Each structure stands twice: as C-alpha cells, then as structure tokens.
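Worksheet for the structure shown next.
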Amino acid sequence: MKTIKLLYTVSLVALLTLTACSDLLEETTYSSLGPTNFYSSAEDAESLLNGVYANSQGYRDLLRDYLTLGEMTTDMLIERGGGINANTQPIEDFEFPSGHPYFQFLWDRSYSAIFKANVTIENVPTIDMDEERRAIIVAEARFLRALNYYQLYERFGPVPLITTSQTSAVDRPSRPSKEEMVSFLIADFREAASTLPIAQEQFGRATKGAAIGFLAKLYLNEKQWQNAADAAQEVINGGTYDLFTQAERFKLFDISNEGDNEFLFVIPYPNNPDRNSGNTYLSHAAPPGYNFQYPPKVNFAAQFKTRSGFLDLFEDDDQRLGSFIFQYQNMAGETVQLGEDDVRSFKYLEDPNGLGDYSGNDFPLLRYSDILLTRAEALNELQGPNPESIALINQVRNAAGVSPVSVGAFSGMDDLRDFVFDERGREFFTEALRRQDLIRQGTFIALAQERGHPAQDFQVLFPIPQSEIDKNANLAQNPGY
Amino acid sequence: MGSDRRISRFDNYISKVTKRGQRNNGSASVSSTENSSSLAELTLHYDNTFNEKHKLEVLAGYTYQEFIDKGFNALSQNFPTDAFLSNNLAAGDQTTYDLGSFKTRNQLLSYLGRINYTYDSKYLLTASFRVDGSSRFGADEKYGYFPSLALSWRLSNEKFISDLDIFSDLKIRGSYGLTGNQSIGNYNSLVLLGTTGNATFNGSEFVGIAPIQLANPDLKWESTEQLDIGLDFGFLNNRITGSMDYYKKKTSDLLLFLPIPSTSGFTGSLQNVGDTENSGFEFSVESRNLTGDFKWTTNLNFSTLQNKVTNLGDLPFILQGGIRFISDFTILKEGESINAYYGYNTAGVFQSQAEVDGSAQPNAALGDLKFVDENGDGEINPDDRVVLGDPFPNFNIGLSNTFSYKGFNLSLFFDGSFGNELLNFSRIDSENPISPLRNRQDYVLNRWTPDNPTNENPSFINNNLARAVNDRTVEDATFVRLKNLTFGYDFPNLAIKGINNFSLYTTVQNVFLITDYSGYNPEVSSLGGSNLKVDYNAYPISRTFTLGVRVGL
Chain A
-16 MKTIKLLYTV SLVALLTLTA CSDLLEETTY SSLGPTNFYS SAEDAESLLN GVYANSQGYR
44 DLLRDYLTLG EMTTDMLIER GGGINANTQP IEDFEFPSGH PYFQFLWDRS YSAIFKANVT
104 IENVPTIDMD EERRAIIVAE ARFLRALNYY QLYERFGPVP LITTSQTSAV DRPSRPSKEE
164 MVSFLIADFR EAASTLPIAQ EQFGRATKGA AIGFLAKLYL NEKQWQNAAD AAQEVINGGT
224 YDLFTQAERF KLFDISNEGD NEFLFVIPYP NNPDRNSGNT YLSHAAPPGY NFQYPPKVNF
284 AAQFKTRSGF LDLFEDDDQR LGSFIFQYQN MAGETVQLGE DDVRSFKYLE DPNGLGDYSG
344 NDFPLLRYSD ILLTRAEALN ELQGPNPESI ALINQVRNAA GVSPVSVGAF SGMDDLRDFV
404 FDERGREFFT EALRRQDLIR QGTFIALAQE RGHPAQDFQV LFPIPQSEID KNANLAQNPG
464 Y
Chain G
914 MGSDRRISRF DNYISKVTKR GQRNNGSASV SSTENSSSLA ELTLHYDNTF NEKHKLEVLA
974 GYTYQEFIDK GFNALSQNFP TDAFLSNNLA AGDQTTYDLG SFKTRNQLLS YLGRINYTYD
1034 SKYLLTASFR VDGSSRFGAD EKYGYFPSLA LSWRLSNEKF ISDLDIFSDL KIRGSYGLTG
1094 NQSIGNYNSL VLLGTTGNAT FNGSEFVGIA PIQLANPDLK WESTEQLDIG LDFGFLNNRI
1154 TGSMDYYKKK TSDLLLFLPI PSTSGFTGSL QNVGDTENSG FEFSVESRNL TGDFKWTTNL
1214 NFSTLQNKVT NLGDLPFILQ GGIRFISDFT ILKEGESINA YYGYNTAGVF QSQAEVDGSA
1274 QPNAALGDLK FVDENGDGEI NPDDRVVLGD PFPNFNIGLS NTFSYKGFNL SLFFDGSFGN
1334 ELLNFSRIDS ENPISPLRNR QDYVLNRWTP DNPTNENPSF INNNLARAVN DRTVEDATFV
1394 RLKNLTFGYD FPNLAIKGIN NFSLYTTVQN VFLITDYSGY NPEVSSLGGS NLKVDYNAYP
1454 ISRTFTLGVR VGL
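Sequences listed follow chains A and G, in order.
Residues -16 to 464 (our numbering) are what the first sequence spells out, left to right.
Residues 914 to 1466 (our numbering) are what the second sequence spells out, left to right.
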C-alpha cells in the first residue's frame, strides 16, 4: 500500500515538473519596459531624447553647485552660514578636496547624460519614423553629449570618452590626451551643428547656433583665436540672435523675458515649478529677514554674497547694477544697508509662481553677448586693439546703457584684454563663467593668492572625484591632488 | 496549497495651519500596497523502524511559490479646507496631483529530499538535498544546488563510556552544508527602461525614458558553505552541562550592489562579487555549584568571531557608507573584516611653525590636527587612508550568577564585548560642526590654544570634514556591562486561600558600564541590522529600576 502511494506522488511531482519548470521562473515586468517592447516608435525616440535632456538640464541645486565652483573660486562670490558652508568654504579656500560631493555629483550626472545620449544615438536610427525628425533627434543627443563632455573637460580636464551604450560593470576606461579630447568635442559639436535646425519650435532644445556657439567658446578657452573668431562670426552671420534692449538690461532675466533670442542655450526651469523641478538660488541669495514680493518663500541660513571689490568694476549708470540688492526693507519694515562683501545678486528676479524655496527662472549657459565678446577677445589676441573688437564690445555696453569706448583708449593688446575680462565680469556675474574666464586670462591662481588662499598652479583643474579614482585603477588623478 | 494576502493603506494629511502644510496649502496623500503570495507544496513522508534499532525517515517534496506586490499612491495639494483630510483628494488642485502605481512578481521553485537515519539512539544521520530556483537570477542561472549532511554520535549511550562513570551525557556532532541566498529585489538581471526625470521645453515638462540599470545576465545565487563541529556534555549527574562548537562559514558569490565607475552611466550594479569567511568558537556551560539550602548556579557563554573578506574578484577594494557630509568611510578589502573603518591616523597637534613647515601639511595652522603621511609622499591625501578598526568583537562573554537562600534570590548578568571599534558620528559633529553655533562635547573645552599647548585636542578652529573619519572618531568600543541585577523574596507557604505564591522583587537594568568609548552606547548600530555599523546620534540606553510584586493564583 505504501509503495503505491509513493509511486503516485512521485509521478505527480514529475508531471508538475515537466510541464512547468522553465516557464515558472520567467520574470514578467509590469511597471517598467524592456528593450524588446521599446525602441520602436517615434514616441519612444522622443522619450529617449527627453531622458538625455532631463539629465543635462536643471535640478534643484544646480545654481548652488555651478556658482560654488564657478564663482566662489574667484573675485565675485562668497558664501557664509548654513549647513552648506561645510561644502562651500573648502572651495573658497582653494582646498578642493577630491572627495567633495559637488565634484562627484556633477561627474555622475554628466556621465549619466552621456550614457543616455549614447543609447539615443545608437537606437533611434533604426526606429521607423519621420526621417528628418529622426536625424534631428540624433543630432540633439549628440549636442547634449558634447555639452556634457565640454562641462566635464572644463572642470576636470580630459576625461574618459565613452561613445557606446554597451557599457559594463567591469569597464575601467582611461583618460584621453588633451588633443584627443578637444578634437572629439570639435567633431561632435560640428556634426550636431550640421543637422540641428536654426530654430526649434520648443524653447530649451538644441539649435545650430548653440552648437556653433559652444564650439566658439571651446576654441576660445583653447586659445585657438582664429577658430574662435570664425565660429563666433558664424553665429553672428546666422542673424538669429540679438541683444535684449527692450527694457532695462537687467530685466533680461525676468521670467517674462524667458525665451528671448539673446539666449543660445539655457538650463530651463518650468513655468510651474515644484519641489523637484524648481531652482533654489534665491533662497541662498536673500539676506536675513528679506521681505519677498511673492510670498510664501523660504530664506535659507546660507548666504550668497557679492564681494565689494568686484562691484567696483561697474560705472554708476550701468543698468546691470539693477540686479543687485544694496539695501532692503526687512519684514519688520526697517531698512537694512548691506555693507562690505554683503551685497546680493538677485539676477534671476523673483518668480511670481515660485513657492517656498523653488522658482522657475531659467539659468543661461550661453548668451549672444558672450558670442560678441568672444569674437572681440579673439580678434584682440590676433591683432591687438582693433575697430571690430571695439564695435562688438560697444554693442554690449550700449545695451547696458553705459558709454562706448574707443580704440584710442587702449594702449595695447594687454590693456584691451583686461578691459574685455572686466566687461565679461559685469556681463556674466551669477552665470558661473568667471572661473573659466580668469583661467583664460591667466589670473585665476594669482588672484586667489592675493585673497590669501594657498592656491597653486595645478588648481586650474579640479580633482577627479575620489571615489571614481578608487573604483577605476586606470583613471589617473590630476597632477597635484 | 496556501495563500497569504496582506493589504495595507497609509493616509497622510498635512494641515494648512502647520508650517509645512502652509507652503502647499494643505497636502494629502494615500498609498496602498497589496502583498500576496501563493504556495503549492507537495511532500511525501515516510518513516519506519526496522529490527527495533534502525529508524528511518524520508521526505521528498516539491514547492512552488509566487509573490505578487502591487501598490498605488496619490498626492494632492492646495485644498479649500482642512475638513476632508485624505478622504477627498479630488478637492485639491488638479495641477498638484501626483500619481504612482506598480506591480512586481517573483517566483520560487524547489525540489527537496531529506533522509534521517538513527541507529540504536547512538548514531544519527541527516542528509538532505535541495534544488532551489528563483526567478530573480539570470536566465541560465536560476537554479542553485544545496546539499547538506549532519552526523552525530551519542557516546554516553556506548558501554565503554557509561562504564567510565564520568559523563552523564556526551555527544559529538558534525555538519556540513550549503545554503543559498536570493534576498535581492526583482528584475536585477534584466535591462529595464523606466522614467528618469523630466525634460523642460517651453516651460512645460516632458517625461524622459532611459535604461535604469545595467543588465547582469550572470546574476546567480549567493551560497554559504558551513562546517560545524560540536560537543555536548554533562558531568556529575548533569550538575555541569554545556557545549562547545567550532564553525567555519564561507560565503561565495556575494550579492552586492557594487559601486562601479560612473563612466558606465551608472554608479552601481548588483553583482556576485567575492567571498567572505566567518569562523568562531562558542562555548557555554551551566554549573549548579551549590544545591543545598544555599543554591548557586552559574551560566557562562564565551564566543569568538573572526570575519574577513577573502576575495573581491579583480577589485582592489570597495568603499561604502554615507551619512550627511561624510561618505566612503568603510572598506571591503581582502584580508580585512567586512566594512572595516577606513580613514586617517592622527599624530597630535601642530605646536610650532617649524613643525608645520617640516610636515606633509605645509598650509596647516598652529593647533590643527597632524595627520600621518602613511605612504611618505610628502602630502596628506586620500592615499593616506588606512584601516582603523572594525565593528566585530574578537570575543564576547556573557556571565550570569543566581543565588538563592530560603526565600531570597539574587541574580546578576554581565555581558562584555572585546576588541571591537565603532565610528562615532556624534564626535565627528562635535569636532567638525557645520556651523559654529552647533553644540559641542565638553572635551572641546580642553582644546589647543597658544596658552594651552595640548596634544590631546586640536584648536577646533579649522574644520576638516574630509578627514573627519580618523583614529579620534573611530573609537575602541570594548565594554563590560552589568546588564541586569535582580533581588527578590518569595514568601513561603502562604496560608491565604487562592494564592499559590507571592513574591517581591526589584530589578535594575543597565546597572553600570565600563568602557573607554566616549559616546553613550558602545553597542549601538544606528543604520539598523546591516554590518555597516556607526553611532549616529543614537539615543542612550536608560537605566531602569523596577519594583515588583508577583502573585500566582
């Protein structure tokens, strides 16, 4: 009897096993997509591209991070108070610890965008859809890949060039030479520019002008003066852009003027920002007890303050001074004067739709005035003071309501170079370009030493994030760190 | 056959009158999850005794389990009134709606067989074999094979032992086996695409989709091989009983969310990486020292633990850990304990400018901490980090003594842990406050000043968060604690009808602690049960005094 029962059960087990064993352990996904049910329609192609933009555009604290690295290392900006002082002070003091979270964050974010760009560049060409749009999607992804590499290169020097989405956990890429890095960037910006349209229906997308504009900036930073002047001229010839003169100069950054054709490329923030999608700059810049125009707003303990020495560069009638808060009425109705090294930049004017610590102001990455000053600077480096450079500088000065300058006012190339950098300072404060400019001018380290910091020549580059060095034996740290 | 279903729902409303609710003019959310599992189990059981001495038990079986998790959540803000709480989400502003839902499934399938065989209550054998399949692993790696064997021999039932008349009980045990671990999330072996943030065009947001993890088709079972040898004994009619055990446990193909170079597009990937080894010796004995009117019983436990990473594949090391502004403070490295603390050694405080000039920290101020230039390259950088200790004790001791005389009884329980370290985040906060207004610990008063040229503490003027994990903040957490003391009296022979016994007692928990650790509690693990152990603002253990009456009816 026992034997019969045994046989019976064994055969039942065997039956179940035979019918089931392979399918029973198959994984089914419900809330996420796999490669077999994606990469197939025009919508999929747009969604992939959106993913690249999402990683290349804004996040809450982008301005904090960009300005800490781009301006607190210069004569423009300091930060006092708040929990973030633990992160901002070592940057201001030229310690540049390789474990600093901002280095890591920006590195990770850029490589995530680059990976997504590679996925788009590889998979979209085989999707059956409108051919013209398909080519533009690939070109937009290529532009964003180049832009992320440009930002990495600007901060860390040459970085591993990943051009495939077939990455794996065991890859240990090494760094290219400076020449390889630069020619890669030139080729990618050029290739993107050859397909990108002059104008896009939606503001925030990459255009031909943006690609050539960043190429001009790359040439300028590389001191390839003729190439820089030519690329800038290419943008000027396109006739797509002009300077904002419709109102006082500082109102260019009012939310109502977003999308103005002075902007070649911006980090856009949405019209209805929320806790995830808004930018938090104003909460860092507002002085204590500041009475906001559109409450309720949050005012952080952190205080972003402008150095008084930098403000001395402005003439009194410069409309761009309208971006600064020199005094304010606090909530108690008292007038507070902001003294030495305490003036605030409110370049991105209060957003009526902003709530709490987030607002929807775009952050410009490249403006037409930068194109004009790029050509002016490059021509001066080639020829010394010349009428065209002066005319380009005067276009920017006219827009700002300050008197024009003349060729005769400059004793030579050095003199005009210094003037161009001062003009760039007046034009681009709170846009995180100062570090790059001072490095090009050759004054970045010397000025830091003058401010009493132990800056050394190698610090024109930031250190590669320590954890990347730890994870990748083939990745060499920048010299000096 | 069986089925389990658990449904939970979480409602939350933040009122407009609160500071947080004011910002969004009231915020309501509801989330519900449903976890269900179904089980099909077929087992066959056979047991029989032959010739009175051979006892045989056989089990064979097949099990299949399916787990389905589903969830839904919704958020709505900007309410006209607080009255609805979370019961009318539609009353909020439509533009604030935030919805989410998910469903996942995983399956387990096992074949198992087990044989128990006993001969004459002297020899015992258990052998088993399992084949476990889990949907969570790569397509060709779903199954793991896990055999085990255990043998024991009750020597005290042998004539040659019982003739010795020493042992009242004696048994030798040995076992060896493999077990598997599949406690990871679902779908880790696949390429998955998912939403990854929004793009903004013309001021509006558009959903982006991208691969959200690297595929790992080789993902497989983590397995643990364990060898155990033990001895149970009893002497003098079981006045003294106890056991001794030695074990060695080797875990291979560890399932680890491995940090990988971000150049891959991802910062980590779930991989089978490396091996770890745990071994130890455990000894426990109970002795009834006195059994007359005055009774005294002693219990002693002693255990050692050795734990190390034995293989990390081709990786030199993995750094882990992240709390607030401090990250990468533990290391996995061949030959070291799992998650050993990793940081800098200090060597006192800079007392003179000459000392600063001749050091690896030429920019240091007087009164700053001096760090050890471990690699001698003339500068202090992350290459100078070393292993500063680990959270695993070399040995633990537990000792309890119980005394009783007539109705009185007294018991004391000590426990102790030796040779373990602990990273003290409260001390990091005190030494490197993110704002000068933060609270500090009292030893900061004895800081370095030109008038107090101590080597014990720096001036605390310059923060150094990058080197905050050092031999000052990784502390020796060896301790001995009198954990429990109880004194009581049982009233004998109560002449009250209906009450069988009556006693009074007093208990003190956490009576005293002997340790050099500067935090409140050397035993704490603020990150929960993981082996990444830190003291991060842990609440101190209280000392409790209890007076009690116990009545038995």
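Beta carbons: idealized from backbone N, C-alpha and C, even for Gly.
Nothing here was measured: the structure is a model prediction, and the numbers come from that model.
- Counting only Cβ-Cβ distances below 7 Å, G:P1124 has contacts in chain A at V102, in chain order.
- Using beta-carbon distances, A:F98 counts as an interface residue toward chain G, with a partner under 8 Å.
- Put simply, the CB of G:F1238 is near chain A, with a gap under 8 Å to one of its CB atoms.
- Looking from the CA of A:R407, the closest CA among A:F86, A:I376, A:N381 belongs to A:I376.
- Taking G:K1221 as reference, the option from G:T962, G:D960, G:S950, G:P1306 with the minimal CA-CA separation is G:P1306.
- Contact note: A:I145 reaches chain G through T1176, S1177, G1178, using a C-beta cutoff of 9 Å and chain order.
- In the DSSP assignment, G:W1209 falls within the unbroken beta strand (DSSP E) covering 1207 to 1217.
- According to the DSSP secondary-structure assignment, A:Q286 is paired through a beta bridge with A:R63.
- Under the three-state reduction of DSSP, A:D171 is assigned to helix.
- The three-state secondary structure of A:F139, taken from DSSP, is helix.
- By the CB criterion at 8 Å, A:T51 and A:I74 fall inside the cutoff.
- Taking 8 Å as the CB threshold, A:Q432 stays off the interface with chain G.
- Residues of the same chain with a CB within less than 6 Å of the CB of G:A987, apart from the 5 flanking positions on each side, are V943, L1002, L1012 in chain order.
- Note: A:S15 is not bridge-paired with any residue in the DSSP secondary-structure output.
- The Cβ of G:K968 sits no closer than 8 Å to any Cβ of chain A.
- Annotation for G:N1258: no beta strand (DSSP E) segment contains it, and DSSP assigns it neither H nor E.
- The beta carbon of G:L1037 sits closer than 6 Å to those of T1031, S1065, all from its chain and outside the five residues before and after it, given in chain order.
- Here G:T1223 carries a strand assignment [DSSP, helix/strand/coil].
- For the pair A:G34 and G:T1109, the CB atoms are nearer than the 8 Å cut-off.
- Put simply, the CB of G:L1279 is far from chain A, with every gap to its CB atoms at 8 Å or more.
- Excluding its 5 nearest sequence neighbours in each direction, G:H958 has C-beta neighbours in its own chain below 6 Å: L972, listed in chain order.
- Between the alpha carbons of A:F126 and A:S151 lies a distance of about 24 Å.
- Taking G:N948 as the centre and dropping the five residues before and after it, the same chain places the C-beta of R919, D982 closer than 6 Å to its C-beta, in chain order.
- With a threshold of 8 Å between beta carbons, G:D1166 makes no contact with chain A.
- Contacts between A:Y36 and chain G, judged by CB atoms closer than 7 Å, involve A1112, G1121 in chain order.
- In the DSSP secondary-structure assignment, G:A1063 is bridged to G:T1039, G:S1088.
- Of all C-beta pairs linking the region 1033 to 1047 of chain G to the region 21 to 37 of chain A, fewer than three are shorter than 8 Å, placing the two stretches out of contact.
- Contact annotation: G:D1448 and G:S1439 have beta-carbon atoms nearer than 8 Å.
- Ranking A:D76, A:L247, A:D405 by CA distance to the CA of A:G435 puts A:D76 first.
- By the criterion of a C-beta distance shorter than 6 Å, G:F923 is surrounded in its chain by S944, once the five residues flanking it on both sides are discounted.
- Between the beta-carbon of G:N1191 and that of G:Q1233 there is about 18 Å, and that puts the pair past the 8 Å contact cut.
- If you check the CB distance, A:A214 and A:L235 do not come in under 8 Å.
- The beta carbon of G:I1341 sits no closer than 8 Å to any beta carbon of chain A.
- If you check each beta-carbon in the region 1366 to 1387 of chain G against every beta-carbon of chain A, the ones closer than 8 Å belong to N1376, L1378, A1379.
- Between the region 123 to 138 of chain A and the region 171 to 181 of chain A, the count of Cβ pairs shorter than 8 Å is three or higher; the stretches touch.
- Within the region 251 to 280 of chain A, the residues whose Cβ lies closer than 7 Å to any Cβ of chain G are, in chain order, P251, Y252, P253, N254, N255, S260, P279.
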